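A short write-up of the structure that comes next.
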Amino acid sequence: MQQFVIGFAVLLACSVLGPTAGHAQDASSPRTISISGEGTVRVEPDQATVRFGVVTQDDDPEVAREENAAAASRAMNAIRELGIPDRKMRMETLRLQPRREYNRQTRSYEERGFEAVRQVVVEVDDLEQLPTLITRIVQRGANRLDGINYDVADREAVRQEALRAAAEQARAKAQLLAEALGAQVGPPRQISEQDFSFPRPQFRIEQAAAMAKADAAPEPDAYAAGEIEVTATVQVTFDLMVEE
1292 MQQFVIGFAV
1302 LLACSVLGPT
1312 AGHAQDASSP
1322 RTISISGEGT
1332 VRVEPDQATV
1342 RFGVVTQDDD
1352 PEVAREENAA
1362 AASRAMNAIR
1372 ELGIPDRKMR
1382 METLRLQPRR
1392 EYNRQTRSYE
1402 ERGFEAVRQV
1412 VVEVDDLEQL
1422 PTLITRIVQR
1432 GANRLDGINY
1442 DVADREAVRQ
1452 EALRAAAEQA
1462 RAKAQLLAEA
1472 LGAQVGPPRQ
1482 ISEQDFSFPR
1492 PQFRIEQAAA
1502 MAKADAAPEP
1512 DAYAAGEIEV
1522 TATVQVTFDL
1532 MVEE
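For any residue, its number in my numbering is found by taking its place in the sequence shown, counting from 1, and adding 1291.
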């Protein structure tokens, strides 16, 4: 069960509009107070997206293509052995192109056969499988790791929690300022969402590739993503009731 840790950052914007104190309140021009609130939720990721590539080269384009298909098949079979269904895997890129290398002596690019490039994306719902998955795909055919992004399955629940925290902070700030000025906060008149930040932490690809090629046992702690810090900001305008 996910646990949300709510933190508040102070972001203040306050304005009092309407008649000056000591005059009767005009209903057509109510006093208001406008406050911004920020809410932060920290949550551990529960899924990851892995992008890996298979690159093969040969003078014969058909050989490069066949070797690429065979290596990709081995890597994807390694993923299936972990119980990850095919619907969680998809091919993003497949290219067969001439391979060019730069010749320093002639200062020009020269063709050196052909290159087949295939990029595969895998969605992992069980992060405990991640170390084993990376190790197996590298050892069975993948020779390029393009990215490991962590995420949260129920992003909307986290977003709502951050918005709730932001709204609560806005009211608390409004009450504090109003009381300091001898007033009371009334109901909200207007609420708007200002900003929402949901970063997706990335694992260091070089580190993952080195560990996978080392032919050592997978190290689960090395793939720990830590917490994702989600932040929401709202702007709320409250009625301000001033004692006459």
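Backbone N, C-alpha and C fix where the C-beta goes; we use that ideal spot for every residue, glycine too. Model, not experiment: these values are computed from the prediction.
Beta-carbon within less than 7 Å of residue i's beta-carbon, same chain only, minus the 5 sequence neighbours each way: which residues are those?
{"i": "L1421", "result": "A1339, V1415 and Y1514"}
{"i": "A1469", "result": "I1324, Q1475, V1476 and L1531"}
{"i": "A1363", "result": "V1345, R1409, V1411 and G1432"}
Residue i: buried (16+ other C-beta within 10 angstroms of its C-beta) or exposed?
{"i": "G1374", "result": "exposed"}
{"i": "Y1441", "result": "buried"}
{"i": "Q1388", "result": "exposed"}
{"i": "M1292", "result": "Summary for M1292: the model assigns pLDDT 42, below 50, so the residue's position carries little reliability, and this model does not support an answer."}
{"i": "R1378", "result": "exposed"}
{"i": "N1394", "result": "exposed"}
{"i": "L1424", "result": "buried"}
{"i": "T1397", "result": "exposed"}
{"i": "T1246", "result": "Past the edges of the chain, shown from 1292 to 1535, lies residue 1246, and the structure says nothing about it."}
{"i": "R1322", "result": "buried"}
{"i": "M1367", "result": "buried"}
{"i": "A1523", "result": "buried"}
{"i": "V1525", "result": "buried"}
{"i": "S1327", "result": "buried"}
{"i": "V1521", "result": "buried"}
{"i": "Q1493", "result": "exposed"}
{"i": "A1465", "result": "buried"}
Using DSSP's beta-bridge definition, name the partner residues of residue i.
{"i": "P1336", "result": "DSSP lists no partner for P1336."}
{"i": "Q1430", "result": "None, per the DSSP bridge assignment."}
{"i": "V1415", "result": "A1339"}
{"i": "G1438", "result": "R1342"}
{"i": "L1531", "result": "V1476"}
{"i": "P1389", "result": "F1405"}
Using a Cβ-Cβ cutoff of less than 6 Å, which residues in the same chain neighbour residue i once the five nearest sequence positions on both sides are dropped?
{"i": "Q1481", "result": "T1528"}
{"i": "E1518", "result": "R1333 and E1335"}
{"i": "P1479", "result": "V1527 and F1529"}
Within its chain, find whatever has a CB closer than 8 Å to the CB of residue i; leave out the 5 residues flanking it on each side and keep chain order.
{"i": "A1516", "result": "E1335, P1336, A1339, L1418, Y1441, P1492 and F1494"}
Within the stretch 1319-1384, note down every full beta strand (DSSP E) run reaching 3 residues or more, in order along the chain. Listed in chain order, they are 1323-1334 and 1338-1349.
At least three beta-carbon pairs within less than 8 Å, the stretch 1443-1456 to the stretch 1323-1336: Judged by Cβ distances under 8 Å, the stretch 1443-1456 makes contact with the stretch 1323-1336, as three or more pairs qualify.
What residue ranges within the stretch 1455-1501 form continuous beta strand (DSSP E) runs of no fewer than 3 residues, ordered along the chain? DSSP runs (the beta strand (DSSP E)) wholly in the stretch 1455-1501: 1474-1488.
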